[in-house]
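I have placed the structure first, in the form of structure tokens, so that the comments after it can refer back to it.
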Amino acid sequence: ISSAFWPSLSDDLPSMFNDEDKALLRKVFNPCLSDRREEGSRFIPPDPSFAYVQKLRALVKEEEAVQRRRMEHFFDKLFSQQCPGPLFPSSWASSVEISHGEAAGRQGAQLSARPHYVAQAHVWEEALQSALPVFDKSTEDGTRFRVYRLGSLEVRTTQEHDGLEAVGAVFSLSSTEPRRSEASVKDD
Numbered sequence: 047i048s049s050a051f052w053p054s055l056s057d058d059l060p061s062m063f064n065d066e067d068k069a070l071l072r073k074v075f076n077p078c079l080s081d082r083r084e085e086g087s088r089f090i091p092p093d094p095s096f097a098y099v100q101k102l103r104a105l106v107k108e109e110e111a112v113q114r115r116r117m118e119h120f121f122d123k124l125f126s127q128q129c130p131g132p133l134f135p136s137s138w139a140s141s142v143e144i145s146h147g148e149a150a151g152r153q154g155a156q157l158s159a160r161p162h163y164v165a166q167a168h169v170w171e172e173a174l175q176s177a178l179p180v181f182d183k184s185t186e187d188g189t190r191f192r193v194y195r196l197g198s199l200e201v202r203t204t205q206e207h208d209g210l211e212a213v214g215a216v217f218s219l220s221s222t223e224p225r226r227s228e229a230s231v232k233d234d
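First residue of the sequence shown: 47, per the numbering used here; consecutive thereafter.
Now the structure itself:
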């Protein structure tokens, strides 16, 4: 059974499943979440009954809602690399790393959204290939969340386990500390 089941989930081959069912099964058997392929010839496909498939659809829909909220929060300027919040794995909060000589946070910097830069994603492809992220974490489903600093810009991307890296937000960084010329100096 497994020798026919797994290839039928591929986009490259004809399938015994319609597109909707194939998409559902690919999500259920995401290799980052499921080790069922390792069962080899002992693998038994899930119950095809209507009730069971409906339960699977409901569970996958709930997970997709969590993934959507994660993305929205990550692409928001309020996202904190040190304390990402309950939508992300708890291990992210405990592993503050120092990268490239600066703390993973952005103390002393204010973010301003630059949505028009996101629309120019093709411009970022080459720059991101040669840049090292200051933040690079993965969730249990294999989605990678990355933050890059390119000059005065912060670029945030995501990449699903079997997908391409996609720019989701770009912010300009500006200092919140007053410049020396703006600070008043008193001589006594």
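We put the beta carbon where it would ideally sit given N, CA and C, even for glycine.
- Would you call the stretch 90-100 and the stretch 165-177 in contact, with 3 or more CB pairs under 8 Å? no
Exercise. Quick one: is Glu85 buried, meaning 16 or more other Cβ sit within 10 Å of its Cβ, or exposed?
Worked result: Taking the first residue of the sequence shown as position 1, residue 85 is located at position 39. So Glu85 ends up on the exposed side.
> Can at least three beta-carbon pairs, one atom from the stretch 180-195 and one from the stretch 203-217, be found at a separation below 8 Å?
Replying inline: yes
Excluding five sequence neighbours on each side, which residues of the same chain lie with their C-beta closer than 7 Å to the C-beta of Val193? Here residue 193 refers to the residue found at position 147 when the sequence shown is read from its first residue. These residues qualify, in order along the chain: Gln127, Pro179, Val180, Phe181, Glu200, Arg202.
Requested in this report: Return yes when the Cβ of Lys123 is within less than 8 Å of the Cβ of Phe217, no when it is not.
Outcome: Taking the first residue of the sequence shown as position 1, residue 217 is located at position 171. Taking the first residue of the sequence shown as position 1, residue 123 is located at position 77. Closer than 8 Å, so yes.
- Message: Between the alpha carbons of Gly131 and Arg83, how many angstroms are there, rounded?
- Response: In the sequence shown, residue 131 corresponds to position 85, counting from 1. In the sequence shown, residue 83 corresponds to position 37, counting from 1. For Gly131 and Arg83, the distance between alpha carbons rounds to 33 Å.
Check: Taking the alpha-carbon positions, what's the Trp268 to Lys183 distance?
Finding: In the structure displayed, the chain extends from 47 to 234; residue 268 sits before or after that span and is not available.
Within a Cβ cutoff of 7 Å, which residues of the same chain sit near Tyr163, ignoring the five residues on either side of it in sequence?
On the sequence shown, position 117 is the one that residue 163 refers to. Excluding residues within five positions, the ones whose Cβ falls inside 7 Å are Val216.
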